[in-house]
Amino acid sequence: MKLPFAGRLLAVAVLAAASAALPLSSAFADDAAAKPKVGLVMKSLANEFFVTMQDGAKQYQKDHAADFDMITNGIKNETDTAAQIDIVNQMILSKVNAIVIAPADSKALVTVLKKASDA
């Protein structure tokens, strides 16, 4: 299956995040065989562009399931910053190793993304 450009771009971002998380996950994992877990947070699942990106990332993860796990979520309304902050907090609670995000408001998400980085 040939992915559109947006899907390929997101797949590269997901792979980069998973690769960056590999050394950290092996250093802190209880189980040496644990795979890194990547959280994908989309800006608007009502927008076909972001749905295509999410679908591309899911297909890439499916094709590379041995390398990393992925959790995806996104907001319906691309201006619902509060909901996107809640999703990032859920990703933190899920103990993802990396977050790939298309932010609804990059300035409003600084605090929660700093929290995720420190977690």
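Here the sequence shown stands for residues -29 to -1, 1 to 90, where the numbers follow mature numbering (1 follows the signal peptide of the UniProt record, and there is no 0).
The beta carbon of each residue, even a glycine, is placed where N, CA and C say it ideally should be.
If Asn44 and Ile56 are in contact, beta carbons under 8 Å, what's the gap, nearest whole angstrom?
Not a contact, Cβ separation roughly 12 Å.
Using 8 Å as the threshold, is the segment 18 to 32 in touch with the segment 74 to 84, meaning 3 or more CB pairs across them?
Judged by Cβ distances under 8 Å, the segment 18 to 32 makes no contact with the segment 74 to 84, as fewer than three pairs qualify.
Which one of Leu11, Gly27, Met62 and Ala73 has the shortest CA to CA distance from Ala90?
Checked all of Leu11, Gly27, Met62 and Ala73; the closest Cα to Ala90 is Met62.
Just the Cα atoms here: how many angstroms apart are Asn60 and Pro7?
Spanning the two alpha carbons is a distance of roughly 18 Å.
DSSP puts Ala69 in a beta bridge; with which residues?
DSSP output for Ala69 lists Val9 as bridge partner(s).
Considering only the alpha carbon of each residue, which of Val9, Thr23, Lys14 and Gly10 lies closest to Ala54?
Comparing Cα-Cα distances from Ala54 to each of Val9, Thr23, Lys14 and Gly10, the minimum goes to Lys14.
Could you give the residue range of the alpha helix (DSSP H) that holds Thr50?
That residue, Thr50, is in no alpha helix (DSSP H); it is neither H nor E in DSSP.
Going by beta-carbon coordinates alone, are Gly10 and Ile46 separated by less than 7 Å?
The answer is no: Cβ separation not under 7 Å.
Between the alpha carbons of Val71 and Val12, how many angstroms are there, rounded?
Their Cα atoms are separated by approximately 6 Å.
Would you call Ala36 buried or exposed, if buried means 16 or more other Cβ atoms sit within 10 Å of its Cβ?
With fewer than 16 other Cβ atoms within 10 Å, it is exposed.
Could you tell me if Ala3 is buried or exposed, where buried requires 16 or more neighbouring beta carbons within 10 angstroms of its beta carbon?
Legend: pLDDT at Ala3 = 45, less than 50; position of this residue unreliable, value from coordinates given subsequently. The residue in question, Ala3, is exposed, as its Cβ has fewer than 16 Cβ neighbours within 10 Å.
Please report the distance separating the alpha-carbon of Val83 from that of Lys33.
If I take the Cα positions, the gap works out to 28 Å.
Between which two residues does the beta strand (DSSP E) holding Asp40 run?
Run containing Asp40: Asp40 to Gly45, per the beta strand (DSSP E) assignment.
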